[in-house]
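Start counting the sequence shown at 1; every next residue gets the next number (the UniProt record's numbering). The next block holds one structure in the form of structure tokens; read it before the comments.
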Amino acid sequence: ISDQKPLGCWSVKHGQSLTCPVVCNFETHEYIAVHDDKVLRIWKDEDINLDKAFKATLSADVYRIHSLPVGGPVVLFKGGGVRTLDVLLEAPQQEIENVISDEVIRWSGAFMEGQQPVLIFTTEKDGDFFVYVQKPKLSSLHKYKLEQQEASKPLCFTAHITNQTVTLLCLYSNDSVYQVLIPLQQDTEEEEEEEEILSKSLLLNLSVSGTVLKGTSLIVLDKDHVAVLGSLAAPGKEPRECLTIWNTKFQTLQISKELPLGTTGQLWCYEEKFFLTHGKVLTVIMYKCETSSLAAAVGKLKDSQTPDVSSFVNWNTLEDEELVVSFQSQESVALKSESRMNLRPRRNSVAKVQSETLSVGQLLLNLKDASTYVLEEELRKLMAKLPTPDLQATIGCVVTALTDRCKTNPKYYPKNFLLQIVETRDLSYSLCPDLMAVALEKKDVHLLQTCLQRFPDVPEEITYACLKAFLSISDAYLQSVDVDLDSVICYIDVEYDSKEVKTEVVENGFNAEMDQDMCDTKIPKESQSRSDGESCPVGPEKAALLNAVLHSAYTETFLLPHLKNLPARQAILFLRYLYYLYVKCSEKVNTTLPGVRSPTINQIMDWMCLLLDAHFTVMVMLPEAKELLSNLHKFVRAQVRFYSELNKIEGSLRELQRLNHLRDSQTYSIEVLEII
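Okay, here's the thing in structure tokens:
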């Protein structure tokens, strides 16, 4: 998600359909899917064709596969039967018992209790709801009936297991969350003849000051907090979809985040991150819940008029609408948040005490109008004693505070402080999206280079802006600024006196005289040395900056529209540099450039293809590009011819390798091998 790149895609045949969510087996690193209810498929990352993956046809329809960290996946069938995947694969056609009769499964979840997997699912029949608790490895099954609720019914369920007790939370249509406690019974060989009726207790009313949340998804965060996705309906106002966190201990709405683009009503949670679809984008929100306290809950209610100061969660220091719009074309958004929960200090506390007790959001708000010296000193102190749980989010807030100051005060720009933070902290673009925009405005190429090298999630729009800026800045200016040359210093020989960058090139399989007839274009001698790949067309500083762009992750679909806006002369210069790198890589047997963070042959080829796709028509029309395209064409054709010749003798080389293994090294012999 952070790199904005698809890693794999697999499809079933036409007419087939996936009938339950795909899961990952954490022990074997395999994917498991079911299509057409009964056909099981198992494959790995390196498998390309799903049709050639492992296939097993089962004897009953599958409802859901649940993956657990240990013990392997558990398969729940529509008839209520449960099998571990290992047992199922031993005999795929084994008979699966029907546990439920005329009931429909509404929800299921799998958990670990000690070393034993426990599967819980709920069913519905004629308005009655039932709960089943199974331990598949012990062949244990217990059935319960939910106590009925007048004029309302369950909409969704979630559960967790603590101290041998299942806590089942039910979101009802009357905008309330109920709690059901189910003790994990000791397994006995005798099955119970009568089903036990489970009583429920009211846990939470989803209403605040006349505003009611119509929930669609419910997730347990910890023993005191739940997350609910739904629509807030205030009297006389249009319903607004929101993601909310509630404190069940004190019955308070802790925080809500409006989702104006709408959702599908589905919410997932994994490793302290929310996943939901917001409009056409996938939104990922980091969260952290700390120990609940009445002071914090009450404090949140008192501070409801100042949304910038949150004692529980600061969802984001950015304008969410701007962030969504800027990423909307990429079909993916990463929203980072930081969370703190501290007691509110007394008003007469001194500044030193405040910095130790205030939340990060409150401290940054207090420093909003502080002097530059005080701001930087307080931020340095804050970073020096950062707690580990929310390290990244807090650093992101610090950088955002500095960039906000830069935007309000054009003369202020803490260049060294920002560079130090980026170089020493594990940041990402989504934590401080204004940073690179400010650096572009200030022409801080060193900071931009460092961000491109370190940030895994730079948007294509910003990558293009950096490329355009690097190409437009003169080499003379770049010689006067600080740039990291580690990626170029090993393959570019610089002579500043003659203002020329030289390199010696020996091209694999390329002979200029042999291939002179490949193109009708005659290349003037005075321009030949400049465009044939023998000399670097840019200075080392600009080359190092362009290398940082080549290293930045991108998705072709999203980068190409921006790349088409690159001015023609800059596009030719960039292509000339890529051609130079391509020739340099071809000198080496392993096609690898020396140096730290040097571009790879794949990166060079991908960017060359992208640039030609974006500007091919323009380059064909421009006279100054004709000779470059001619040389590129000749060199590529020579490379293809060279590797084609190597392919012809591949069989002979393999035979030589086989004979070397068979040869007895202690026996002297003379062998004559004829290569045909």
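All residues carry an ideal CB built from backbone N, CA and C; glycine is no exception.
Run through the DSSP bridge pairs and tell me what residue i is partnered with.
i	result
Cys170	Phe157 and Tyr178
Asn25	Glu30
His35	Leu18 and Val39
Ala233	Val212
Ala110	Leu119
Trp10	Answer by DSSP bridge pairing: none, since Trp10 is not bridged.
Cys269	Phe274
Ala227	Ile219 and Ile245
Lys125	Asp128
Lys78	None; Lys78 has no bridge partner.
Glu196	Tyr144
Buried or exposed: where does residue i fall if 16 or more other Cβ atoms within 10 Å of its Cβ makes it buried?
i	result
Asp45	exposed
Arg346	Its pLDDT being 31, under 50, Arg346 is placed unreliably by the model, and the measurement read from it follows with that caveat. So Arg346 counts as exposed.
Leu202	exposed
Glu541	buried
Lys648	exposed
Leu358	A caution first: Leu358 carries a pLDDT of 49, below 50, which makes its placement in the model unreliable, though a value can still be read off. Classification of Leu358: buried, given that the 10 Å Cβ count is 16 or more.
residue 687	Lying outside 1 to 676, the shown extent of the chain, residue 687 is not represented and no answer is given.
Asp444	buried
Leu76	buried
Pro433	buried
Cys609	exposed
Asp484	buried
Ile32	buried
Ser67	buried
Cys406	buried
Leu204	buried
Glu671	exposed
Ile245	buried
Asp86	exposed
Considering only the alpha carbon of each residue, which of the options lies closest to residue i?
i	options	result
Gly595	Lys13, Phe616 and Ile492	Ile492
Glu147	Ala553, Glu556, Ala159 and Lys200	Lys200
Pro567	Ala465, Arg64 and Ile649	Ala465
Thr123	Leu155, Ile96 and Met112	Leu155
Asn25	Asp36, Ile42 and Asn409	Ile42
Cys269	Ala476, Ala227 and His14	Ala227
Glu461	Asp444, Met436 and Gln453	Met436
Asp102	Ala91, Phe129 and Ile96	Phe129
Leu440	Val583, Glu30, Tyr413 and Ala543	Tyr413
Leu628	Asp613, Leu402, Tyr580 and Lys143	Tyr580
Pro239	Asp224, Ile572 and Leu261	Leu261
Trp607	Phe157, Arg454, Glu150 and Leu467	Leu467
Ser231	Arg637, Val212 and Asn247	Val212
With DSSP run on the structure shown, which of helix, strand or coil describes residue i?
i	result
Ile492	coil
Thr263	coil
Glu319	Summary for Glu319: the model assigns pLDDT 33, below 50, so the residue's position carries little reliability, and this model does not support an answer.
Arg654	helix
Arg569	helix
Asn163	coil
Ile462	helix
Asn631	helix
Val99	coil
Ser332	With a pLDDT of only 30 at Ser332, under 50, the local geometry of the prediction cannot be trusted, and no value is derived from it.
Ile604	helix
Ser644	helix
Val672	coil
Val70	coil
Val281	strand
Glu378	helix
Ile395	helix
Gln94	coil
Pro456	coil
Leu427	coil
Pro183	strand
Asn205	strand
Ala543	helix
From the beta carbon of residue i, is the nearest beta carbon of chain C less than 9 angstroms away?
i	result
Tyr287	The chain labelled as chain C is not found in the depicted structure, where only one protein chain is given.
Rounded to whole angstroms, how far is the Cβ of residue i from the Cβ of residue j, which I believe are closer than 8 angstroms?
i	j	result
Ile100	Gly79	6 angstroms
Leu447	Leu418	6 angstroms
Ile161	Val118	6 angstroms
Leu259	Leu243	6 angstroms
Leu18	Lys38	Rounded, the Cβ-Cβ distance is 13 angstroms, inconsistent with contact.
Val549	Thr424	No, Val549 and Thr424 are not in contact; Cβ-Cβ is about 23 angstroms, not under 8 angstroms.
Gln570	Leu471	4 angstroms
Leu379	Ala401	7 angstroms
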